[in-house]
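As numbered in my numbering, residues 850 to 1006 make up the sequence shown, in order.
A quick write-up on the structure given underneath.
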Amino acid sequence: MTVLSPMTENDFNTFLNEEIAGYAESNVKSGRWSADTAMAQSKGELDRLLPQGLATPDHYFYRILGHDSESVGILWWAVVELAGVRSAFIYEIRVHEAFRRQGHAKRAIQALEPIVHERGMKRLGLHVFAYNEGAQALYRSLGFEVTSLNMLKTLGG
């Protein structure tokens, strides 16, 4: 069983520090950012998205709980406008390493869908880095479809 439980302020502070580092690492790994500036860019992005931290309107933060109410990961989503439609957007879903490949992410998204639907939204979006093939397979299995694709070519010299 997987349950979504709202984050506390302490949970959020831990999440934010991990998120800054993780988002910086993902952007460097994908070739979007330089390692020299990635942490500052990541912090700037999160400061822009979450000016009021945990209390930022229309942003929702959950701990993903597994068996025995053990914390197995986190889920952050927000209300956004996608193609002119009020929608939900998953900014982050992360399962702690020890709990991966056990279905927690899939069940967390399935638990999120009725929450989003009850709030009147009919669309759920997310972003996934191209190198994360496992996540892409998970999202496709849940019915997500690719809506855009960024490409990059590194030139020699």
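Note that CB positions come from ideal geometry on N, CA and C, so glycine has one too.
Taken through DSSP and simplified to helix, strand or coil, residue 977 comes out as coil. Looking at the DSSP output, residue 854 sits in a beta bridge with 912.
The beta carbon of residue 929 is closer than 7 Å to those of 936 and 938 in its chain, skipping five residues each way along the sequence.
Bounds of the beta strand (DSSP E) holding residue 927 are 920-931. For residue 935, the uninterrupted beta strand (DSSP E) segment begins and ends at 934-944.
The beta carbon of residue 877 sits closer than 6 Å to the beta carbons of 884 and 887 from its chain, once the five residues preceding and following it are set aside; these are given in chain order. Selection 977, 999, 985 and 955 evaluated against residue 914 yields 955 as nearest (Cα-Cα). For residue 965, the enclosing alpha helix (DSSP H) begins and ends at 953-967. Residues 895 and 941 of the same chain have their beta carbon placed closer than 7 Å to that of residue 868, with the five preceding and five following residues left out of the count. Residue 852 holds the alpha-carbon nearest to the alpha-carbon of residue 918 among 934, 852, 994 and 972. With respect to the C-alpha of residue 968, the residue from 909, 985, 870 and 976 having the closest C-alpha is 909.
In the structure shown, residue 1003 falls within a coil segment according to DSSP collapsed to helix, strand and coil. Of the residues 904, 865 and 880, the one whose Cα lies closest to the Cα of residue 1004 is 880. For residue 990, the uninterrupted alpha helix (DSSP H) run begins and ends at 982-990, by DSSP.
Inter-residue distance for residue 958 and residue 943 is about 11 Å (C-alpha atoms, whole angstroms).
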